[in-house]
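Remarks on the structure that follows.
Residue numbers (the working numbering): 6 to 225.
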């Protein structure tokens with residue numbers, strides 16, 4: 006299955022359904038504590054991973070901030086995942102968000118902070134972060150080589166993993182198992198749609214769920 010097919014089929018599936026599929030296969034992939042700050046609707050793309058060291062003002066050179074390298078790593082079908090170990094220091098503001106949007110970045114997810122939230126929202130960029138904070142990353146943050154394994158919201162993320170986000174939250178789907186998990190999610194979605202059809206036809210939730218195998222009827 007090529008990447009375009011994965012993105013096309015995966016975009017039709019909500020995060021809750023992806024989470025259920027991950028649960029059924031015993032995979033922990035649901036990110037916690039990272040709230041969407043900008044953008045709307047569903048996003049889906051492949052992870053570009055970045056880790057940043059954070060410190061006090063003056064700990065690093067301005068050049069170490071290297072936000073330009075982060076922006077250059079974005080693009081269509083790519084989700085920039087930035088591991089700042091939860092530091093309340095901004096690694097992306099309005100200008101950087103505008104540049105990412107111009108590169109048609111699918112989304113940015115930061116386990117750290119962003120700032121200039123009004124400007125970011127004007128760009129329409131889909132962006133989530135743990136914090137919104139005015140504190141600049143200049144001389145406080147050092148970008149490490151892009152593409153390493155990272156942790157975002159308690160979930161391990163590798164370069165190329167599938168990332169899906171919507172109003173419910175964000176999940177990470179391991180690239181090595183994405184086809185298996187996608188098929189599982191599509192099967193779960195089909196059951197959900199069957200339950201919905203029955204409820205809209207007047208069935209009670211209990212009888213519709215039992216008929217579709219969504220939740221078996223309780224034995225009495």
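We put the beta carbon where it would ideally sit given N, CA and C, even for glycine.
- Using a C-beta cut-off of 8 Å, the segment 83-96 makes contact with the segment 125-142, since at least three inter-stretch Cβ pairs fall below that distance.
- Every unbroken stretch of the beta strand (DSSP E) spanning 3 or more residues and falling wholly within the segment 76-152 is given here in chain order: 83-88, 95-97, 112-119, 132-137 and 146-148.
- Residues 70, 94, 95 and 96 of the same chain have their beta carbon placed closer than 6 Å to that of residue 142, with the five preceding and five following residues left out of the count.
- Within the same chain, 147 come within 6 Å of residue 58 by CB-CB distance, once the 5 residues on both sides are set aside.
- Straight across, the Cα-Cα distance linking residue 164 with residue 14 is about 21 Å.
- DSSP places residue 18 in no alpha helix (DSSP H); its state is neither H nor E.
- Looking at the backbone, the Cα of residue 100 and that of residue 90 are separated by about 23 Å.
- The beta carbon of residue 49 sits closer than 6 Å to those of 12, 15, 16 and 169, all from its chain and outside the five residues before and after it, given in chain order.
- Burial check for residue 110: the Cβ neighbour count within 10 Å reaches 16 or more, so the residue is buried.
- In this structure, the CA atom of residue 190 is about 11 Å from the CA atom of residue 178.
- In the structure shown, residue 42 falls within a strand segment according to DSSP collapsed to helix, strand and coil.
- For residue 30, no alpha helix (DSSP H) run applies, since DSSP gives it neither H nor E.
- Within the same chain, and ignoring the five residues on either side of residue 35 in sequence, the residues whose Cβ sits closer than 6 Å to its Cβ are 24 and 176.
- In the DSSP assignment, residue 58 is bridged to 147.
- Spatial neighbours of residue 81 in its own chain (CB-CB distance under 6 Å, excluding positions within 5 residues in sequence) are listed in chain order as 109.
- Excluding five sequence positions before and after residue 84, the CB atoms of its chain that fall closer than 6 Å to its own CB belong to 50, 52, 111, 112 and 168, given in chain order.
- Going by beta carbons, residue 153 and residue 134 fall outside the 8 Å limit.
- In terms of CA proximity to residue 174, 157 leads the group 185, 157, 181 and 199.
- In the three-state scheme derived from DSSP, where H, G and I count as helix and E and B as strand, residue 209 is classed as coil.
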